[in-house]
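Take 293 as the starting number for the sequence shown in this note's numbering and just add one per residue. For each residue, glycine too, the CB sits at the ideal point set by N, CA and C. In this text, all values refer to a predicted model and were calculated from it rather than measured experimentally. Notes follow the structure.
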Amino acid sequence: MSTQTTHAEILVVGFGMVGHRFAQELSARRPDAQIMVINRETEDYAYDRVQLSSYVGNWDREALYLDRLPENVTVVPGRAVSIKPEAKELVLDDGRVFAYEELVLATGSRAFVPRLPGNELPQVHVYRTLDDMDGIRAAIEGVVGTHGEATAVVIGGGLLGLEAAGAAQHMGAKTHVVEMAPRLMPLQVDDAGGEMLSQAIRQMGVDVHVGVTSRSIEPSTQRDGAVVLDLGDDGQIETDLVIFSAGIRPRDTMGPDAGLELGPRGGFLTDRQCRTSIEHISAIGECAAVDGKTYGLVAPGNTMAEIVAARLAGEEGPDFEDPDMSTKLKLLGVDVASFGDAFSTAEGHKELHIQDPVSGVYKKLILDAEGKRLIGGILVGEASNYSMLRPMVGSELPGDPVSLIAPESGAGTTAIGAGDLPDDTQICSCNNVSKGEIRAAIGQGCHSVETLMSATRAGTSCGSCIPLLKGILEAEGIEQSKAVCPHFQQSRAELFEITRSTGITDFPTFIERFGTGGGCEVCKPTFANIVASMHTENHVLDGATAGLQDTNDRMLGNMQKNGTYSVIPRQPAGNVTPAQLQEMGRIAEDFGLYLKITGAQRIAMFGARTEDLPEIWRRLIDVGMESGQAYGKSLRAVKSCVGTDWCRYGQQDSVAMAINLELRYRGLRSPHKLKMGVSGCARECAEARGKDIGVIATEQGWNLYVGGNGGATPRQAELLAKDLTEETLIRYIDRYLAFYIRNADRLQRTAAWQAEVEGGLDHIRDVVVDDSLGIADDLEAFMDHHVANYSDEWQDVLNDPEKLKRFVSFINAPDMPDPTVQFEEHPQGGRKVPLMTPTIGAAN
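Structure below.
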């Protein structure tokens, strides 16, 4: 019986990011070409493996899918097993045969699993694909459903290893990282950076073991289903899962039988045009060894895809050049980046260091002997200037190098901007886009970040260069659009007015009428925030808008770096009763929580698990407390001094006023968080002029200050009106907040909004105090509606069985908490839960 042969002009083996990119590139150059792609994975779409960790939590595969390919590209499911170069045929494992004119191997790589005794046990996993992620999730959920908690050990402390550790911890497992090298991320950071990274990750509850070697994996004799990882002289770890993330190996098994030469460390050996040793066969991506060297990043693979696509389209393209291997990632909540030659041994080179063990920040720049040319660098803990530094590698610096890592050091340095970079600077390393190409696109009418991304592909892969795109636009004098996102051309203020006018609270209807596409992580929570601001009578988890909220609002708690949540009940003006204080202490002991008095005069509890939240809320409510909305874009707290009851300098009762303001504006949703302060006299003990709303008592009444904030760019609040009665003060605050909520941009603090409003504070004063627009009654009615319809969000969840269903970590452990699960004692008392640290999350 003969097997039918399918003919393909261009046959691609592998439907990962690089195979997908090649098909796109060739189709664009040759729309008439017949392209066929063999896909061995279960997905019908190629997906963004760079964003694999984002799959954890939402479990939405479609969110990672890449664009559908043009009609001249056919995707065929199957696994290739052999190549017959003499016949120009490819054979699949089910016997199907495909004839080709040109064969492009984009088979990618597989996770490396060391030859460790026990590596075949069912508790052993790898971290590589969506299916791998689903397998790890099912294993953790199964263990938690049986034993109440799970432990995972990740072998490998490199980029993927730390990403896997973050995923396992987010899924609910107590996590260990085992690395054979003396530091984490040995290829990216030096000893000092590695030590800072280890400290930060340990603080987030992950145990780090460096400089140790795994010997074997054996079934545990202490607990059914568990295994023991033997570390030799460094002890043993009993665990429920072992996840290998110790590197990758090229998928090159078809090479030897076909006569294809391999590189010294594997991979199909190619020249710099990505041609293998056999004519009509090319290799791209992680399976290719260009001049003997393989690359594990997407950027070099994209470059190879473009080179081969150009060659097969008959174009003369450049040869493959050694790529920029710079990386920037957020691993377990810690920024890590390296760029250029981070381990330079060049004679006479100079190093510039900043090391702050308190904040966990380490920065190193490597300069040439004259200290003028940037060679490379390492950033740990804070990497916001990575996008500016990476393009400067190899170039003479346009300013003082200190300004690159300490621009606000007070040393008289001037920060370098995108406009200072030369045109040949590579802005996007993933897609090899220079500043000159960006400027050329701007000259052709691309006047927004979105149009630049579409025209040049810059920023469409890892996204780290997007801030530079905006900086280049600003340097070119292009006024930036106020559009919320690519799906809505309107500003947030315009969307607010549209929502108010139409009354639409359903996002699909709203985007169909006023936007395009399906929405994104920017416009969806923005719309949900607008609806919540207008319709206080509805709970944030009511109806379809519940799914649009960001994580904090969905869980009514601030997510911390390790995936747990903070619980911060309202304590108006810092007041708390003895009974409430005692109960918070008992809750912290019972649930193993970390207690912290915040900068906003509140007691915060860190480390709560999803399934514990409702019970914690119930106990707080029983002693008369409620949600402090520390998780929302809303009023956080009203800080006050001790007031006239205790202070001999007090002019007015600041504590009573602070309580009044906090209870009036509690739960008010706004474009950004809000903070207030009330001081009883000019001594300003409540630091009211550093708040969005600041109130200071005088002999004649109250002075009202607006538009202040602390943080990275502190602003002093400005005087709006003085010597006000209590009634007038509240009326002006109502109007100011309502005006701000309607008109500010997404995530814009009052200080920034006030500075950008045409006419500034004078215009705001005209509207709020003098009612120049005739809308004062409307603004006050907006706030009266909020006050009349306020209810405690925690209590509302407890009263609603459907909402309670959201607060379950695992689908097979729905009880909250499961009364059949026994917990060991925490070393500091209470139940055994993941141990938190004080350096997590924003709680003020």
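Per DSSP, what kind of secondary structure is residue i in: helix, strand or coil?
i: C720; result: strand
i: C777; result: strand
i: Y1024; result: helix
i: P592; result: helix
i: H1078; result: helix
i: P377; result: coil
i: A597; result: helix
i: Q1008; result: coil
i: M897; result: strand
i: L744; result: helix
i: W994; result: strand
i: Y1032; result: helix
i: Y339; result: strand
i: M617; result: coil
i: L286; result: This structure does not reach residue 286, given that the chain is present from 293 up to 1136, and the question cannot be answered.
i: T706; result: At T706, the pLDDT of 41 sits below 50, so the modelled position is not reliable and the matter cannot be decided from this model.
i: M1108; result: Unreliable placement is indicated for M1108, whose pLDDT of 42 sits below 50; the coordinate value is still reported in the next sentence. If DSSP states are grouped into helix, strand and coil, M1108 belongs with coil.
i: G632; result: strand
i: N350; result: helix
i: V436; result: helix
For residue i and residue j, I'd like the C-alpha separation in whole angstroms.
i: W351; j: S1083; result: 32 Å
i: E510; j: P409; result: 8 Å
i: I790; j: L604; result: 51 Å
i: M851; j: G735; result: 43 Å
i: P683; j: P690; result: 12 Å
i: R901; j: T752; result: 35 Å
i: S926; j: R341; result: 35 Å
i: V672; j: Q1040; result: 28 Å
i: Q1114; j: D426; result: Note on Q1114: pLDDT 39, under 50, position unreliable in the model; the coordinate value appears next. Cα to Cα, Q1114 sits roughly 27 Å from D426.
i: V389; j: L589; result: 31 Å
i: A274; j: R958; result: Because the chain is modelled from 293 through 1136, residue 274 falls outside the range shown and cannot be assessed.
i: T568; j: T562; result: 4 Å
i: Q874; j: I908; result: 14 Å
i: T399; j: I879; result: 53 Å
i: L422; j: V436; result: 21 Å
i: E786; j: N1035; result: 8 Å
i: L1016; j: D945; result: 14 Å
i: L657; j: G668; result: 6 Å
State yes or no: is the C-beta of residue i nearer than 7 Å to some heavy atom of the ligand HEM?
i: A929; result: The ligand HEM is not part of the structure shown, which contains no ligands of any sort.
Report the residue from the options whose alpha carbon sits nearest the alpha carbon of residue i.
i: L885; options: L479, T619, A710, T856; result: T856
i: A456; options: E441, L479, I428, P478; result: I428
i: G243; options: N331, I327, R321, P323; result: Outside the shown range of the chain, which is 293 to 1136, sits residue 243, and nothing can be said about it.
i: L713; options: L787, L666, T752; result: L666
i: T1020; options: A1047, Q1008, M949; result: M949
i: W1086; options: K816, G517, S919, L765; result: S919
i: A338; options: R321, D583, V310; result: V310
i: G972; options: P963, G986, H964, L966; result: G986
i: A980; options: Y997, T990, Q992; result: Y997
i: M876; options: V915, F560, L696, G839; result: V915
i: Y923; options: V373, Y941, T843, K774; result: T843
i: R940; options: M917, E742, A974; result: A974
Counting only the same chain and skipping the five closest in sequence on each side, list residues whose C-beta sits under 6 Å from that of residue i.
i: K642; result: L659, G663
i: H501; result: V470
i: G486; result: R475, L476
i: A896; result: S858, I860, K888, T890, A1135
i: T467; result: A444, A457, A460, Q461, V498
i: A550; result: I375, P377
Can you name, in chain order, every residue of its own chain whose Cβ lies under 7 Å from the Cβ of residue i, other than the five neighbours on each side?
i: E729; result: T748
i: P1093; result: none
i: G811; result: H779, F799, I803
i: C757; result: S679, I719, C720, A750, G751
Which residues in the same chain as residue i place their Cβ atom closer than 8 Å to its Cβ, once the five residues preceding and following it in sequence are excluded?
i: E954; result: R862, P864, A865, L927, A929, V930, M968
i: N867; result: V947, I951
Those runs of the alpha helix (DSSP H) which lie wholly inside the stretch 446 to 498 and span at least 4 residues: 451 to 462, 483 to 495
Minimum length 4: unbroken alpha helix (DSSP H) runs contained in the stretch 635 to 696: 678 to 681
Alpha helix (DSSP H) segments (min. 4 residues) lying fully within the stretch 842 to 879: 843 to 847
Whole alpha helix (DSSP H) elements within the stretch 792 to 825, 4-residue minimum: 799 to 806
Completely contained alpha helix (DSSP H) runs for the stretch 909 to 981, where each covers 4 or more residues: 946 to 957
Segments assigned beta strand (DSSP E), at least 3 residues, entirely inside the stretch 544 to 597: 560 to 562, 573 to 575, 580 to 582
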